[in-house]
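To start, the structure itself, in structure tokens.
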């Protein structure tokens, strides 16, 4: 079992990172929060979860142990798969998500793609006490990311578009949503564009 991978950040996108360790390149699916943590770094250590099925072996990478623990809790709930859990951890930071679960905020949880009312309720019921035991400092979702540095608009559009497509959203609504966000906030960094789009799509 792989616990973590430490190595060179060879490739990085809002949804995936390739870490080269001892001559081997490991492709890991990551959340938007982990993407933010890796930006500008030439080397990194990612904590790993291995999803092994008959038809696929997929690695998920996390910048912190707490994010991985929260991911593992999420996928333990019936109806929550790896991609849905990753989308949840891209829509909210770990403290924000912990806060929503502890507060029983079903309304905000349902804003995540692929998460219906019943699944949101199960997450709250099954994980409330477990999340509390994690000891994550909770917070509520905000737009504090607005202070991040601006990136060239077209570059942001392309990265956000590709990331949202990889998360399972159809291209037409993605294009429309990302364009609308960048029209209102032309200097928004890609992380903020994706977070806003996840709440709108």
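In this note's numbering, the protein residues as written are -4 to 196. Where is the CB? At the ideal position from N, CA and C, for every residue including glycine.
Proximity of residue i and residue j at Cβ, strictly below 7 angstroms
{"i": "residue 1", "j": "residue 40", "result": "yes"}
{"i": "residue 189", "j": "residue 158", "result": "yes"}
{"i": "residue 26", "j": "residue 84", "result": "yes"}
{"i": "residue 61", "j": "residue 89", "result": "yes"}
{"i": "residue 96", "j": "residue 119", "result": "yes"}
Strand pairing of residue i, partner residues [DSSP]
{"i": "residue 2", "result": "39"}
{"i": "residue 11", "result": "24"}
{"i": "residue 152", "result": "Answer is none; residue 152 lacks a bridge partner."}
{"i": "residue 46", "result": "53"}
{"i": "residue 19", "result": "16"}
Cα-Cα separation between residue i and residue j, rounded to whole angstroms
{"i": "residue 177", "j": "residue 121", "result": "38 angstroms"}
{"i": "residue 15", "j": "residue 94", "result": "35 angstroms"}
{"i": "residue 194", "j": "residue 24", "result": "20 angstroms"}
{"i": "residue 91", "j": "residue 7", "result": "24 angstroms"}
{"i": "residue 160", "j": "residue 17", "result": "31 angstroms"}
{"i": "residue 125", "j": "residue 65", "result": "9 angstroms"}
{"i": "residue 191", "j": "residue 36", "result": "25 angstroms"}
{"i": "residue 180", "j": "residue 152", "result": "12 angstroms"}
{"i": "residue 21", "j": "residue 13", "result": "5 angstroms"}
{"i": "residue -4", "j": "residue 67", "result": "15 angstroms"}
{"i": "residue 156", "j": "residue 174", "result": "9 angstroms"}
{"i": "residue 117", "j": "residue 76", "result": "14 angstroms"}
{"i": "residue 187", "j": "residue 165", "result": "19 angstroms"}
{"i": "residue 113", "j": "residue 34", "result": "36 angstroms"}
Anticipated Cβ contact below 8 angstroms, residue i with residue j, distance rounded
{"i": "residue 100", "j": "residue 163", "result": "Contact doesn't hold; Cβ gap of about 23 angstroms is too wide."}
{"i": "residue 51", "j": "residue 28", "result": "Actually they do not touch by this definition, with Cβ atoms about 24 angstroms apart."}
{"i": "residue 73", "j": "residue 107", "result": "About 16 angstroms separates the two Cβ atoms, so there is no contact after all."}
{"i": "residue 42", "j": "residue -2", "result": "7 angstroms"}
{"i": "residue 4", "j": "residue 45", "result": "Not confirmed; about 20 angstroms, so no contact."}
Burial state of residue i (16 or more Cβ within 10 Å)
{"i": "residue 63", "result": "buried"}
{"i": "residue 168", "result": "exposed"}
{"i": "residue 56", "result": "buried"}
{"i": "residue 54", "result": "buried"}
{"i": "residue 150", "result": "exposed"}
{"i": "residue 127", "result": "exposed"}
{"i": "residue 115", "result": "buried"}
{"i": "residue 49", "result": "exposed"}
{"i": "residue 144", "result": "At residue 144, the pLDDT of 37 sits below 50, so the modelled position is not reliable; the number obtained from the coordinates is stated separately. With fewer than 16 Cβ atoms within 10 Å of its Cβ, residue 144 is classed as exposed."}
Residue i CB to nearest heavy atom of the ligand NAD below 6 angstroms
{"i": "residue 14", "result": "Within the structure as shown, the ligand NAD is missing, as the structure has no ligands at all."}
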